[in-house]
Amino acid sequence: MWIDTHCHLDAPEFAPDRAAVREQARAAGVGLCVLPAVQRRDWPLVQALALQQGDAYALGIHPLYVPQADVQDLQALDDALGAARGDPRLLAVGEIGLDFFVPALCEPAMRERQWHFYTAQLRLARQHGLPVILHVRRSADLLLKGLRQVGVSGGIAHAFNGSAQQAQAFIDLGCALGFGGAMTFERATALRELARSLPLDALVLETDAPDIPPQWLYRTADARASGQPQGRNTPAELPRIAQVLAELRGIDRARLAEATSRNARRVLPKLERWA
Ligand SMILES: [Zn+2]
Numbered sequence: 032m033w034i035d036t037h038c039h040l041d042a043p044e045f046a047p048d049r050a051a052v053r054e055q056a057r058a059a060g061v062g063l064c065v066l067p068a069v070q071r072r073d074w075p076l077v078q079a080l081a082l083q084q085g086d087a088y089a090l091g092i093h094p095l096y097v098p099q100a101d102v103q104d105l106q107a108l109d110d111a112l113g114a115a116r117g118d119p120r121l122l123a124v125g126e127i128g129l130d131f132f133v134p135a136l137c138e139p140a141m142r143e144r145q146w147h148f149y150t151a152q153l154r155l156a157r158q159h160g161l162p163v164i165l166h167v168r169r170s171a172d173l174l175l176k177g178l179r180q181v182g183v184s185g186g187i188a189h190a191f192n193g194s195a196q197q198a199q200a201f202i203d204l205g206c207a208l209g210f211g212g213a214m215t216f217e218r219a220t221a222l223r224e225l226a227r228s229l230p231l232d233a234l235v236l237e238t239d240a241p242d243i244p245p246q247w248l249y250r251t252a253d254a255r256a257s258g259q260p261q262g263r264n265t266p267a268e269l270p271r272i273a274q275v276l277a278e279l280r281g282i283d284r285a286r287l288a289e290a291t292s293r294n295a296r297r298v299l300p301k302l303e304r305w306a
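Here's what the structure looks like:
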């Protein structure tokens, strides 16, 4: 069984056919999807989808949604985490983090605001005894600093793309590293080298659907201009993404499935009880 540790099934892209998308993934061998939330408005949908589909979820405020978030959303998150305390499907606080790629988010005031929301959510994770699902984009060192300062008990550095030293620092803090579509591009040589060389027990798999399409779904801007549609990334792509990782590491798929599922249960410990 495969676990897609990061999949935005609540995204509007899936509104027309969510149940069918989930069924396709199940037919492809994806037994569990972890649905991280990106903003307060979506928390009820993420919870409802996880319940309907037999999946799991995280609650949080994503850095790309920090500009429009309200500071009261942090109190609401505290309340929502408290209300879901006994819910075995609530695995983590996420998706939270820092994004220093999007120019508008790099302005000094917005960096400050991102840091405030990130560290406040880390404190909530600690208080509620939950791990975190982290959005890492040009922000690994500051994310690590926050984890150390607040003392959170691990989680997942999702769509990891940093140095081997940064990877090791996340591992030392109890995090697994999420690998997905970005690794399927042959030109992603540094990322593929990491995927090959990091310890197997540090890796989890993810699609980040509908974002980060794998190479076989990706269409260049030129191709799109000439009328070829961008393929839609869905959790059903996970086994094929996993195949790429298995080939990079020279191991068979069964061993990779077993290892990455075990890793997911270790860093998202509430999964141990039921998945
Ligand atoms: Zn995400």
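Residue numbers (the working numbering): 32 to 306.
The beta carbon of each residue, even a glycine, is placed where N, CA and C say it ideally should be.
Three-state secondary structure assigned by DSSP to residue i
i: Ile-34; result: strand
i: Val-97; result: coil
i: Glu-44; result: helix
i: Leu-287; result: helix
i: Phe-201; result: helix
i: Leu-208; result: strand
i: Leu-229; result: coil
i: Val-61; result: strand
i: Val-298; result: helix
i: Pro-266; result: helix
i: Leu-222; result: helix
Buried versus exposed call for residue i [16 or more other C-beta atoms within 10 Å across all chains shown]
i: Leu-236; result: buried
i: Ile-282; result: exposed
i: Met-32; result: exposed
i: Arg-71; result: buried
i: Val-97; result: buried
Same chain, Cβ closer than 7 Å to residue i, neighbours up to 5 away in sequence not counted
i: Trp-305; result: Pro-119
i: Leu-225; result: Ala-195 and Ala-198
i: Trp-74; result: Ala-68, Leu-90 and Ala-111
CA-to-CA distance, residue j to residue i, given in whole angstroms
i: Phe-45; j: Gln-197; result: 34 Å
i: Ala-59; j: His-159; result: 34 Å
i: Arg-116; j: Ala-252; result: 45 Å
i: Leu-80; j: Arg-168; result: 27 Å
i: Leu-229; j: Phe-201; result: 12 Å
i: Phe-216; j: Phe-131; result: 23 Å
i: Ala-295; j: Leu-63; result: 11 Å
i: Leu-76; j: Cys-206; result: 27 Å
Contacts around residue i, its chain only, beta-carbon distance under 6 Å, and the 5 residues preceding and following it disregarded
i: Asn-192; result: Leu-222
i: Ala-290; result: Leu-231
Endpoints, the alpha helix (DSSP H) within which residue i is located
i: Pro-139; result: 139-159
i: Arg-57; result: 49-58
i: Leu-112; result: 103-114
i: Leu-175; result: 171-181
i: Pro-270; result: 269-280
i: Leu-76; result: 74-84
i: Ala-135; result: Where Ala-135 is concerned, there is no enclosing alpha helix (DSSP H), given that its DSSP letter is neither H nor E.
Residue range of the beta strand (DSSP E) that includes residue i
i: Glu-126; result: 121-130
i: Arg-168; result: 163-168
i: Ala-188; result: 186-189
i: Ala-89; result: 87-90
i: Val-69; result: Run containing Val-69: none; DSSP gives neither H nor E here.
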